[in-house]
Ligand code: NAD
Ligand code: UDP
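Right under this line is the structure:
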């Protein structure tokens, strides 16, 4: 099997490269290194079944030979990344997705689209089922990402209907783990890096908004199951274990043993108030469900950042102090989280 992975040098893409290589596939990793890093795949560079091609897939996909699966993951994913690269985000969701679909059509390949829970926007239905059409502000700052992904889903569905491409759409919910950049501005990385550096944890809003966090190994297993199937989706992939950002801060403080305080900063515009996947469809069609609990996943992630990425965590300090990586002014209200016992799992601030 020969697999083309766009965005293969990113966080999720690099783990997907590993997963396919481990089961004997040949992997072509195409990435422009805009938010990804060669170090994510450098341990594979000497593997004859692995090739890295540096290219912007919104322009073209310079790959020859047969391909059985196209996994299209190229796109900024962290809010600070897509705020910094709004036009590139729209381009890769539209032109990049069309190039990848045309490539799959020309090669008779299965096409896997990495869509997102952001297509549900700030959801009025909870938990989110695939049948829900979402609540997205089409002109707000998040729209460059949300609407690009919604367009990518529309394009993928049209190629399936009109060109007969074997497509599968997955809607990925917040996923975390090793190889994330500690300064990428996402909440898990920010809290862990801040806790390890002894800096205040930056909570946006009142911290009552929720997310449901999936460990990368579980997510990648779901991506492979989707690639192996002929399911068109859309299929949610995520861990339904839902937590407030205050609870997440408490988890991180306890797992790191940090005595950092927490600070409250303004909530970014259109920040979804709650998010939890219904994964009944994934259970039924793919036999998939996450196996790694939030606490265990966070423990593994903390261990990674504490040991293998310690230099990066220290270097991320300047970028993370004060929160809101776009440099917007913030009001700070220092609050100290009370010391927690090892047995506490969901104490409140
Ligand atoms: P990431 O930023 O680590 O990876 C994205 C990769 O795409 C990077 O390596 C980047 O360099 C590459 N890329 C971006 N634009 C490109 C272009 N025009 N041409 C070639 N390469 C390009 O992010 P991630 O978390 O690994 O996300 C991967 C995919 O999964 C994205 O499509 C994202 O929307 C989706 N997703 C991720 C999450 C999550 O929680 N991690 C949640 C929902 C959806
Ligand atoms: N968030 C936070 N502090 C941070 C970064 C993010 O409180 O330093 C919040 C953010 O406002 C959102 C949640 O954490 O409510 C998840 O943010 P993230 O950027 O990780 O993912 P997304 O918003 O895309 O789900």
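Numbering (the working numbering), first residue to last: 116 to 464.
For glycine and all other residues, C-beta sits at the position ideal for the given N, C-alpha and C.
Owing to the predicted nature of the structure, the values given are computational and were not obtained by experimental measurement.
- Membership of residue 319 in the beta strand (DSSP E) is indicated by the continuous run 316 to 319.
- At least one heavy atom of the ligand NAD sits closer than 8 Å to the Cβ of residue 191.
- Residues of the same chain with a CB within less than 7 Å of the CB of residue 231, apart from the 5 flanking positions on each side, are 264, 286, 287 in chain order.
- For residue 319, the CB falls within less than 8 Å of some heavy atom of the ligand UDP.
- With 16 or more other Cβ atoms inside 10 Å of its own Cβ, residue 324 counts as buried.
- In this structure, the beta-carbon distance from residue 339 to residue 127 does not fall below 9 Å.
- Bridge partners of residue 166 according to DSSP: 143.
- With a beta-carbon spacing of about 5 Å, residue 356 and residue 409 fall inside the 8 Å limit used to define contacts.
- The C-alpha of residue 374 is placed about 16 Å away from the C-alpha of residue 362.
- DSSP lists 185, 282 as the bridge partner or partners of residue 226.
- Under the three-state reduction of DSSP, residue 193 is assigned to coil, being neither helix nor strand.
- Residue 218 holds the alpha-carbon nearest to the alpha-carbon of residue 176 among 152, 218, 390, 348.
- If you draw a straight line from the Cα of residue 188 to the Cα of residue 205, it is about 14 Å long.
- In the three-state DSSP reduction, residue 250 falls in the strand class (E or B).
- Counting the other CB atoms within 10 Å of its CB gives residue 269 a total below 16, which places it among the exposed residues.
- Counting the other Cβ atoms within 10 Å of the Cβ of residue 405 gives 16 or more, which makes it buried.
- Residue 317 sits away from residue 327, with the two beta carbons spaced by 9 Å or more.
- Inclusion of residue 145 and residue 178 in the CB contact set at 9 Å is warranted, their separation being smaller than that value.
- Taking a cut-off of 8 Å on C-beta distances, the stretch 181 to 200 touches the stretch 149 to 159, as three or more cross pairs fall below it.
- When secondary structure is reduced to three states using DSSP, residue 173 falls in the coil class, being assigned neither helix nor strand.
- Straight across, the Cα-Cα distance linking residue 160 with residue 379 is about 43 Å.
- In the structure shown, residue 205 adopts helical secondary structure according to DSSP, grouped into three states.
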